[in-house]
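Residue numbers (this note's numbering): 108 to 405. One structure is given here, and the rest of the page talks about it.
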């Protein structure tokens with residue numbers, strides 16, 4: 108039986124979304140990547156199986172969770188990724204499935220993902236400049252095109268903005284997102300590495316102020332109160348998680364690591380909960396334990 112009300116944590120926040128990392132492997136090596144907060148030290152060769160993912164989904168749906176985000180690493184490196192998507196889509200109660208990818212393999216998989224139940228997609232693309240992405244440009248842009256043509260909507264492009272690296276590319280990325288009818292998410296760097304953060308952090312406050320001035324329309328999302336700026340038929344969101352109490356207070360996600368742990372908070376690795384896969388009931392108990400351990404980080 109599915110619950111009518113979603114489970115709340117100790118702070119009264121409903122848990123509506125689950126993010127499940129299916130691999131730590133990736134064909135790229137972006138210096139800022141935190142792999143869903145796992146970093147490198149928690150990387151494991153063991154990956155949760157399709158059967159284990161099915162168990163997690165059954166338990167999550169019974170707790171009122173309806174939205175699933177598949178992440179990594181690069182999820183499309185899993186040979187069974189289509190089966191994973193299909194099995195999640197067949198889970199009663201799950202209404203929305205999305206996936207985050209670097210886009211490199213998306214040209215091959217976009218239509219298969221859509222036909223097997225994927226609703227929408229986020230493509231991590233910090234630039235389409237040849238000087239930055241070099242040989243990967245063609246694959247990634249073809250992936251963006253394929254996702255758009257496959258109907259994976261809303262299509263979002265995630266751009267982590269780095270000082271002196273791609274901060275001059277923002278206007279170009281807005282044009283590209285407009286071309287493919289995608290939402291551009293400008294993302295501030297989070298401090299997973301203090302030295303790297305100090306060198307490359309680029310505040311998006313000025314960009315957001317400029318978007319506010321230029322926008323034809325501004326829409327505030329209900330869940331996280333993040334604003335969407337409509338500028339000349341382009342749609343831009345600004346994601347500023349660092350030291351953002353509003354970001355924390357409105358977090359409704361529980362995370363699953365690729366080696367089978369529940370991660371209550373993106374920013375912490377000291378309160379992981381190992382999932383007991385003995386039965387659906389035990390998986391549910393593990394999820395409830397993880398939800399009850401959620402705290403306000405900022």
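Cβ atoms here follow ideal geometry from the backbone N, Cα and C, with glycine treated the same way.
Around residue 383, the same chain offers 389, 390, 392, 393 as residues with beta carbons nearer than 8 Å, after the five sequence neighbours per side are excluded. Residue 336 sits in a strand when the DSSP states are folded into three classes.
Excluding the 5 residues flanking it on each side, residue 332 has same chain C-beta neighbours closer than 8 Å at 353, 357, in chain order. Shown here, residue 360 sits in a strand according to DSSP, grouped into three states. In the DSSP assignment, residue 192 falls outside any beta strand (DSSP E) and lies within the alpha helix (DSSP H) extending over 188 to 196. Under the DSSP assignment, residue 395 falls in the alpha helix (DSSP H) whose first and last residues are 387 to 399.
Non-local C-beta neighbours of residue 249 in its own chain, meaning closer than 8 Å and more than five positions away in sequence, comprise 213, 214, ordered along the chain.
Here residue 217 is actually not in contact with residue 170; their C-beta atoms are around 31 Å apart, not less than 8 Å.
In the three-state reduction of the DSSP assignment, residue 308 falls in the strand class.
For the pair residue 295 and residue 311, the CB atoms are nearer than the 8 Å cut-off. Under the three-state reduction of DSSP output, residue 126 falls in the strand class. A residue is called buried when at least 16 other Cβ atoms come within 10 angstroms of its Cβ; residue 282 does not meet this threshold and is exposed.
The C-alpha of residue 221 is placed about 10 Å away from the C-alpha of residue 256. By the Cβ test, the region 302 to 316 is in contact with the region 266 to 274, since at least three Cβ pairs between them sit closer than 8 Å. As DSSP reads the structure, residue 344 sits in a beta bridge with 292, 335.
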